[in-house]
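Heads up: the structure comes next, in structure tokens.
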Amino acid sequence: MNRTRRMLALGIGMVVFGAVAPGGQAAGPDVIVSTVGGAFSENGAVGTLSGYSMETTSCNIGTLRAIWIECTGGSQCNQHPVIAQNLYRLRTVAGSTRFEQLGMSWVKHGFCAADSTLCGNCASEPSCDWLGLQCSDTYSSFLNGSQPGLGPRSEINAYTGVFAYPYVLNWNLAGNATYKRLQVATADVDPAQNVGATWLGESHYVTTDESPAERFNNASWRQVTVGSFNGGIWNLSFSGSTHAQQAAIEAWPTLDPDAKVTDAYVSGEGRFILGYKVTDLGGGVWHYEYALYNMNSDRAASMFRVPVGDGLAVSNVEFHDVNYHSGEPYDGTDWGGVHAAGNVTWITPSPGGVAAANRNALRWSTMYNFRFDCNAPPIAGDVTIGLFKAGTPASLTVSVKVPESIPPGCDCINDGGCDGGICTMQRCIDCLCASQPNIYGDANHDGTVDIFDIECVLGAFAGDYSKCDLLSTDIIPCPSGDGFVDVFDILGDLDAFAGSTGCCP
């Protein structure tokens, strides 16, 4: 019976050869997506949505066979991989590029490993309950879009590989042309509405018996070409080769060299990838674009925070996510972005009637975007990712590019004569030194150093800039200070009171 099932899988799922990315062998099984494509199935359109499915080939590049059991009764029935499909788009909007996820599918539950030779020298197993070493297994676009075999993402822990099988939600059900499949808004792949855009297809395998160390290379991507429009749906095909062991977001810097990506790992759990790009729009305004991808963190993300000084002008604060569908329990309310308390912050909303567990967190194999315009140029800084489920740590910090904030009390944002319309800390310092009397320690600029200047520095040390600003009280090291008021500034002003001379150029 197993041999018959293997032959069926070979016959239904046979595709062209796919390349395996280098990276060496892992301890235990290590299942990767060696080929995304070559076929797309256009399953039809319903209203404004189109339903697709992609062909996928996996390879076991590890050192042990991978379990691939298919059954509906017994303790081992969930011992097989599940396969998620996503579609992304890179395009330019208002002068800056955006990399966004357009759609997602439910997951295909694997069955009967075919043990083909598309990976190389396959050590075939006698039973299709296992994928042998260096062996491949292919699912056609038809099988990956077969609705009775598609289960919900919400029942899967993508880091541990644990899920219930038979799955609970909408077991064995079929529906209309888009039901459970890779759902995409038809307008999002219309070339006329997306001039110059690039589309990418991604497949992500979650494999039950991989070690945690091998769960970070399970996604691969390939470029997608939009063809003709037939029967209410755009025809899609693949171009180029598969970029194995890379999530689609990792393509952003390849397609746009000014973009960057960086990893953020949750200790003992999953992986996030943060992509970002800053674009100079001219006229003293920069666009800040961030794309946060959750590869496999079950703890998910519920907050994204960028440090942006309260004195800066922020506009066009936006958020973009991807729609859950076909009965998944998750809410889809957008995260609202607010500029306050020195940050631009987006937080998962808590709408009435939605269970806390089903709020719109950033969950595995999905990507959300955060963006705004600001009148400050970029510098290195840390953004914060708040985690949705309880645990340690409660948040992650990632070093990226953020707007340069002016110091507290600096008013050069309103002084075009000094800063030329570009507000930076150094320009504020230069402006202040050029316009104030060159008297070391004269914090209140009254032409003499006295007890009132010492009072100003002591007030600034306590956080009170109502009498003198930071730049006037931050006098050590001379002439530009170090960005904050401390005991050395108090001592410096006491020296000035005692007769020490100044050094402001």
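Numbering (the numbering used here) for the sequence shown: 1210 to 1714. Note that beta-carbon positions come from the ideal geometry of N, C-alpha and C, so glycine has one too. Given the structure is predicted, the values throughout are model-derived calculations rather than measurements.
Need the endpoints of the alpha helix (DSSP H) that residue i sits in, please.
i, result
"Val1666", "Ile1660 to Phe1670"
"Phe1697", "Val1696 to Phe1706"
"Trp1461", "Trp1461 to Leu1464"
"Thr1682", "Leu1679 to Thr1682"
"Phe1425", "Unbroken run through Phe1425: none, as it is neither H nor E."
"Ser1350", "Ser1350 to Asn1353"
Taking only three categories from DSSP, how would you classify residue i?
i, result
"Ala1230", "The predicted position of Ala1230 is uncertain, since its pLDDT is 33 and thus under 50; a value taken from the coordinates is nonetheless stated next. Coil at Ala1230, not helix or strand."
"Gly1650", "coil"
"Gly1626", "The predicted model places Gly1626 with a pLDDT of 39, which falls under 50 and marks its position as unreliable, so this point remains unresolved."
"Ser1446", "strand"
"Asn1567", "helix"
"Cys1640", "With a pLDDT of only 49 at Cys1640, under the threshold of 50, the placement of this residue in the model should not be trusted, and no figure is reported."
"Ile1276", "strand"
"Pro1587", "strand"
"Glu1419", "coil"
"Val1470", "strand"
"Glu1364", "helix"
"Ala1332", "strand"
"Asn1211", "Note that Asn1211 scores 36 on pLDDT, short of 50, meaning its location in the model is unreliable; the coordinates nonetheless yield the value given after this. Correct three-state label for Asn1211: helix."
"Asp1346", "strand"
"Thr1395", "helix"
"Ala1400", "For the sequence presented, residue 1400 should be read as Pro rather than Ala. Looking at Pro1400 - three-state DSSP - the assignment turns out to be helix."
Does the distance from the C-beta atom of residue i to that of residue j stay below 8 Å?
i, j, result
"Ala1378", "Pro1361", "A quick correction: the sequence has Leu, not Ala, at residue 1378. Yes, Cβ-Cβ distance for Leu1378 and Pro1361 is below 8 Å."
"Asn1295", "Ser1574", "yes"
"Tyr1474", "Arg1580", "no"
"Val1398", "Leu1258", "no"
"Glu1411", "Ala1457", "yes"
"Cys1328", "Ser1345", "yes"
"Gly1304", "Leu1596", "no"
"Ala1652", "Ser1675", "no"
"Glu1309", "His1529", "yes"
"Leu1483", "Val1607", "yes"
"Phe1249", "Ser1446", "yes"
"Tyr1297", "Trp1443", "no"
"Gly1551", "Asp1519", "yes"
"Leu1382", "Ser1262", "no"
"Val1531", "Tyr1414", "no"
"Asn1385", "Val1255", "yes"
"Ala1453", "Ser1429", "yes"
"Gly1370", "Glu1334", "no"
To the nearest whole angstrom, what separates the beta carbons of residue i and residue j, a pair I think is in contact under 8 Å?
i, j, result
"Val1609", "Tyr1485", "5 Å"
"Thr1471", "Ser1448", "Incorrect: roughly 28 Å between the Cβ atoms, too far for contact."
"Ala1293", "Met1313", "7 Å"
"Lys1317", "Asn1269", "About 17 Å separates the two Cβ atoms, so there is no contact after all."
"Trp1277", "Trp1315", "Actually they are not in contact, since the Cβ atoms of Trp1277 and Trp1315 sit about 19 Å apart, beyond 8 Å."
"Ile1660", "Asp1702", "In fact, because the Cβ distance is near 10 Å, the residues do not count as touching under 8 Å."
"Met1512", "Thr1557", "7 Å"
"Tyr1368", "Gly1479", "5 Å"
"Tyr1577", "Leu1501", "6 Å"
"Thr1244", "Thr1266", "4 Å"
"Pro1538", "Cys1583", "Not a contact, Cβ separation roughly 36 Å."
Which residues share a DSSP beta bridge with residue i?
i, result
"Lys1486", "Glu1498"
"Thr1593", "Arg1514 and Thr1606"
"Arg1580", "Glu1498 and Glu1527"
"Ile1556", "Met1512 and Gly1545"
"Phe1249", "Met1263"
"Lys1317", "Ile1292 and Leu1359"
"Phe1438", "Trp1443"
"Gly1536", "Looking at the DSSP assignment, Gly1536 forms no beta bridge with any residue, so it has no partner."
"Gln1432", "Leu1409 and Ser1448"
"Ile1241", "Cys1268"
"Ala1254", "Ser1259"
"Arg1200", "No information on residue 1200 is available, as it lies outside the stretch 1210 to 1714 that the chain covers here."
"Phe1693", "Per DSSP, none; premise fails for Phe1693."
"Thr1281", "DSSP lists no partner for Thr1281."
"Asn1503", "Phe1481 and Thr1575"
"Leu1340", "Ala1275"
Terminal residues of the continuous beta strand (DSSP E) containing residue i?
i, result
"Thr1266", "Leu1258 to Asn1269"
"Ser1155", "The shown model of the chain, from 1210 to 1714, leaves out residue 1155, and the question about it has no answer."
"Phe1528", "Val1523 to His1529"
"Lys1389", "Segment: none, Lys1389 is in no beta strand (DSSP E) and carries neither H nor E."
"Gln1294", "Val1291 to Val1302"
Should residue i be listed as close to the ligand ATP, given that the test is whether its C-beta is under 7 Å from any heavy atom?
i, result
"Asp1324", "Of the ligands one can find in the structure shown there are none, so the ligand ATP has no counterpart to examine."
So that I know if they touch, is there some Cβ in chain C lying closer than 8 Å to that of residue i?
i, result
"Thr1606", "In summary, chain C is missing from the structure at hand, where a single protein chain is found."
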